[in-house]
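> Please read through the structure below; I'll follow up with questions.
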C-alpha cells in the first residue's frame, strides 16, 4: 500500500495559527466576492426596474424577509464567538474541562444557526429559480452555510483533540485557531446579515 | 560550513558538492517507488518541479491557441478555427495564460525555492502544498476538457459550462492554497536570526504575491460560485453563458494583472547583486519597492479598470477618481522603476570599485521580464483615461500580454537560475541567453502592435468587425508572429531543460557565487536538508560566511608571514 513519506518536522512560530489566519483571509475574500457580486447584480436589477418605470424593489412582490430568525442568528454567532474565546481562556489556564464545554457550546450554537438558516429558507418559501433575488439569496447564504459547516467540523476536531490532551497551557494554537475561525464566522455573518437581510 | 539535518526522501541523483558547501550528514529514509514517489511526494522541491513542468506544458498549448486566435484576427471569417469557437478560445487564451501558466509557474518556483532560501527544512504545510498541486492539475485538466466539450465562458453546451465553472472554483482554491503555503513558509519557517526584512528579494516578492493572490483569487471564486448557481439553476441574473466572462474579465485586466507579475520583480532584485558580486545598496528600499507592488491587490476590490472622466462629476467624486487612478495606474510603475534603478546601483558600485559584473544568462530573462512589466505598467497609465477611448479596445489586451508574458519570462529565468539547485545540472548559458532574447522579441511583437491597434479602435477580443484593413491588419500579423515566437521560446526552453537537467553539466553547489542560503546546501536540494551557518546576521548569510572564510585565510596568511 502506498503511504505518504514522512513530512518535515512541524514548523516553528505558530504555523497552525498563521495557516488558519490565511484561511480566514481567503474566506473573507470569497465572501466579499459573493456579497460584491450580489450587490452589483442587485443594483443592475434595480436599474432595469427603474428604466422600465416599475416599482423599484428587489424582493419579489408578496415576499417578506424573515427578519426575526435572521436577527436571532446574529446573536447566536456573537454568542458562539464569545464561547470560542472562552475556550482559549480556559486552555491557557490548563482547564481542559471548561475548554471542552466551551467548544461544545460553540458547536451547539453552530447547529442552532444551521437550524435557523433552514427555518429562514422554509419561511421565505421561494424557489431558487423564481427570481434574481432568490438565485442570489440562495447563492450567498449557501456559500455562508458551507463556511458554517467547516466551522462545525473544526469544532468537533478541536473538541476531540482537546479532550485527548493535545493542547496545553503552553500550546494553545489549535484552540486559538478554532476561535479565530469562529470570530471570522461571526463577523462574516454580520456582513451577510446587513447586506442580505437588512439591506435586502 | 556543514550541512546537517534529516532528508525525508532520496534525491533524484547524487548530490554534487562544490567548494562552498561541506558534506551532508543525512539520514535517508527508504524512498517510495519512482512514479509513486512523485505522486505522493510532500517534498517541496518535487512539488515545485511538478508545477514547473506542467505549467510549461500548458504554456505551449495556450500559446499555440493564442497564435491561432491572433491569426484569425488578420482576416475576417474562420480561416483557421471554426467561427463559433473563437470567442471561447479567446477566453481560454486569457484565463489559461493567467491561471494555467503564469500563476502556477511562479508559484511552483516559489514552492521549490523559498524554503531553501530561508534555510527551512521544508515548506510550511507540505501536504497542503501537494494537495494544492494535484488540485490545480486535476481541475486544470477538467477546465480544458470542459472547453473541449463546448463549455467555458460563452460555451454552447450547458453541462460543460457548469463543469467549467465548478472546476474553475477548485482551480482557484488550489492556487490560493499553494499561495498560503508559500506565505506561511516565509512567515513561520525562517532560519534563526533571519528577520522578515532580511529574507531574499525573491522570497519577499513571493510573500507579497502570495498575499495578493490569497486576497484576490477567492474574490473571483466567490463570483464564479454565484455564476454557477445562476447558470446551473436559473440563468436569470448574469445572462447565462454569454455573461460569464463579463463577470470574470477583471481577473485578466489591469490592475489585477500586476499581481501575477510581482515575482518577476523579486527575481531581478535577487539577480542584480549576484551579477554585481556585492551586496545590494539601499536594500531596504528594494524590499519596500516589492511591498509597494502589493498595492495591486486592490484589483480584487475594484473588479475592473477604474476610469478617469471628469465630465459632470463633483470635486469629491473627481478626487476619488484621481486617488483610484493613482493607486491602480501610476503606483504600479514605481516598483518596476525602483527595482531597475536600485539594481543598477549595485552594478555601478561593482564597476566603480574595479569589479567586473557577471550577469549570467538567467539575468537576461529577468531583465527582459521586468522591462516588459515596466512597459506594461506604462501602457496602463493611459488605459483609464476616458477621453482616449482605450477601454474596450485591444489596448487593454496589450497591457495584459505585457504583464503576463513578463511573468512567463521571469518563470523561465527562475528555472534557469535555480535549475542547478533543483536538478544539480546547469543549462548552457548561450542557449538560455538566446531564448531570453527570442522571448523578449516575441513579447514585444505580441503586445506592442495592440497598443497601436487600440488607438485605432480595434475592439477587445473581437475577431470579426468591419475595419480590418491597413495598419490594423499589420498589427494583427505582428501579434501572430509574436505569439508564435513565444510558443517557440517555451518549446525551446522546455527541450533545453529536459536535455540540460537530465544530461547537462554537473555543477557545484554554488555555481553563481551567490549570497543566499539555498546555495549552501548540496545540489540537487531535497526537503529536510538545511544549511548550518549559525545564526543569520544579515540578508546575505552565505556571503557573510564566504567573507569570514576569506578573512580567516588572510589572517592565517598574515600570521604565517609574521612568524
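Chains as they are written, first to last, in the working numbering: chain A, 1 to 200; chain B, 1 to 563.
In this text, a Cβ means the ideal position worked out from N, Cα and C, and glycines have one as well.
I'd like the list of long-range same chain contacts for residue 493 of chain B, defined as Cβ closer than 6 Å, with 5 residues on each side in sequence excluded.
Around residue 493 of chain B: 412 and 435.
> For the alpha helix (DSSP H) containing residue 139 of chain B, list its first residue and its last residue.
It spans 126-148 - the alpha helix (DSSP H) in which residue 139 of chain B sits, taken as one unbroken run.
> Using only the alpha-carbon positions, how far apart do residue 52 of chain A and residue 46 of chain A sit?
Distance between the alpha carbons of residue 52 of chain A and residue 46 of chain A is about 10 Å.
> What is the DSSP secondary structure of residue 385 of chain B, reduced to helix, strand or coil?
If DSSP states are grouped into helix, strand and coil, residue 385 of chain B belongs with the strands.
> Relative to chain A, which residues along the region 217-235 of chain B have a C-beta separation below 7 Å, given in chain order?
If the cut-off is 7 Å between Cβ atoms, the region 217-235 of chain B has 218, 219, 220, 221, 222, 223, 225, 226, 229, 230, 233 and 234 near chain A.
> Please return the same chain residues whose Cβ sits closer than 7 Å to the Cβ of residue 157 of chain B, not counting the five positions on each side in sequence.
149, 150 and 151, listed in sequence order.
> Restricting to Cα atoms, I'd like to know which of B:398, B:307 and B:346 is closest to residue 387 of chain B.
Checked all of B:398, B:307 and B:346; the closest Cα to residue 387 of chain B is B:307.
> Compare the C-beta of residue 303 of chain B with all C-beta atoms of chain A and state if any pair is closer than 8 Å.
Taking Cβ atoms only, chain A reaches closer than 8 Å to residue 303 of chain B, which makes this a yes.
> Going straight from the alpha carbon of residue 164 of chain A to that of residue 157 of chain A, what length do you get?
C-alpha separation (whole angstroms): 10 Å.
> Kindly confirm or deny that the region 278-286 of chain B and the region 330-345 of chain B touch, where touching means at least three C-beta pairs closer than 8 Å.
Short answer: they touch.
> Is it true that the CB of residue 410 of chain B sits closer than 8 Å to the CB of residue 263 of chain B?
Yes.
> Are the C-beta of residue 214 of chain B and some C-beta of chain A separated by less than 8 Å?
Chain A contact via Cβ: present.
> For residue 426 of chain B, which of helix, strand or coil comes out of DSSP?
Strand at residue 426 of chain B.
> My assumption, with CB atoms under 8 Å, is that residue 103 of chain A sits in contact with residue 30 of chain A. Please give the rounded CB distance.
Actually they are not in contact, since the Cβ atoms of residue 103 of chain A and residue 30 of chain A sit about 25 Å apart, beyond 8 Å.
> Return helix, strand or coil for residue 18 of chain A, following the three-state DSSP convention.
Residue 18 of chain A: helix per DSSP, three-state reduction.
> With 8 Å as the threshold, decide whether the Cβ of residue 489 of chain B is near any Cβ in chain A.
Taking Cβ atoms only, chain A never reaches closer than 8 Å to residue 489 of chain B, which makes this a no.
> Would you verify that the beta carbon of residue 307 of chain B is, or is not, closer than 8 Å to some beta carbon of chain A?
No - not a single Cβ of chain A is within 8 Å of the one on residue 307 of chain B.
> Please decide whether residue 26 of chain B counts as near chain A, where near means a Cβ-Cβ distance under 8 Å.
Residue confidence for residue 26 of chain B is low, a pLDDT of 41 falling below 50, so the modelled location carries little weight; the figure read from the coordinates is stated next. No, no contact with chain A.
> Does residue 81 of chain B come out as helix, strand or coil in the three-state DSSP assignment?
Here residue 81 of chain B sits in coil by DSSP.
> Helix, strand or coil for residue 530 of chain B, going by three-state DSSP, please let me know.
Coil, per DSSP.
> Less than 8 Å between the CB atoms is what I'm expecting for residue 402 of chain B and residue 373 of chain B, so what's the real figure, rounded?
Indeed they touch by this definition, with Cβ atoms about 7 Å apart.
> Rounded to whole angstroms, what's the CA-CA distance from residue 419 of chain B to residue 361 of chain B? Just pull it up for me.
Their backbone Cα atoms lie some 12 Å apart in a straight line.
> Which residue from B:454, B:415 and B:159 puts its Cα closest to that of residue 390 of chain B?
Of the candidates B:454, B:415 and B:159, the one whose C-alpha sits nearest the C-alpha of residue 390 of chain B is B:454.
> Would you identify the three-state DSSP class for residue 234 of chain B, choosing helix, strand or coil?
Looking at residue 234 of chain B - three-state DSSP - the assignment turns out to be helix.
> Could you name the residues of the same chain whose beta carbon sits closer than 6 Å to that of residue 335 of chain B, not counting the 5 residues immediately before and after it, in chain order?
The answer, listed in chain order, is 265, 289, 292 and 293.
> Taking residue 338 of chain B and residue 91 of chain B to be in contact with their CB atoms under 8 Å, please state how far apart those CB atoms are, rounded to whole angstroms.
Not quite, the Cβ-Cβ distance comes to about 34 Å (not below 8 Å), so this is no contact.
> Write down every uninterrupted run of the alpha helix (DSSP H) in the region 311-369 of chain B whose length is 4 residues or greater and which is fully enclosed by it, in chain order.
Whole alpha helix (DSSP H) segments, 4+ residues: 315-325 and 333-352.
> Examine the ligand FAD and report whether any of its heavy atoms sits within less than 7 Å of the Cβ of residue 120 of chain A.
For the structure depicted, the ligand FAD is absent and the ligand set is empty, with no information on it obtainable.
> Hey, which unbroken runs of the alpha helix (DSSP H) at 4 residues or more fall wholly within the region 188-251 of chain B?
Entirely contained in the region 188-251 of chain B, the alpha helix (DSSP H) runs reaching 4 residues are, in chain order, 201-229 and 244-248.
> Comparing the C-beta of residue 244 of chain B with each C-beta of chain A, is any distance below 8 Å?
Not one chain A Cβ lies under 8 Å of residue 244 of chain B.
> Is it buried or exposed, residue 198 of chain B, if we count other Cβ atoms within 10 angstroms and call 16 or more buried?
Under this definition residue 198 of chain B is a buried residue.
> Under the rule that 16 or more other beta-carbon atoms within 10 Å means buried, what is residue 241 of chain B, buried or exposed?
Buried is the call here.
> What residues from the region 110-134 of chain B come within 7 Å of chain A, judged by C-beta to C-beta, listed N to C?
Against chain A - using a Cβ distance shorter than 7 Å - the residues of the region 110-134 of chain B are 121, 122, 124, 125, 126 and 127.
> When DSSP labels each residue in this structure, what does residue 509 of chain B get in the three-state scheme?
In this structure, residue 509 of chain B counts as coil in the three-state DSSP scheme.
> Using CA coordinates, which residue listed in A:84, A:171, A:152 and A:144 is at the minimum distance from residue 33 of chain A?
Comparing Cα-Cα distances from residue 33 of chain A to each of A:84, A:171, A:152 and A:144, the minimum goes to A:144.
> From the DSSP output, read off the bridge partner residues of residue 610 of chain B.
With chain B running from 1 to 563 in the structure shown, residue 610 of chain B is simply not present.
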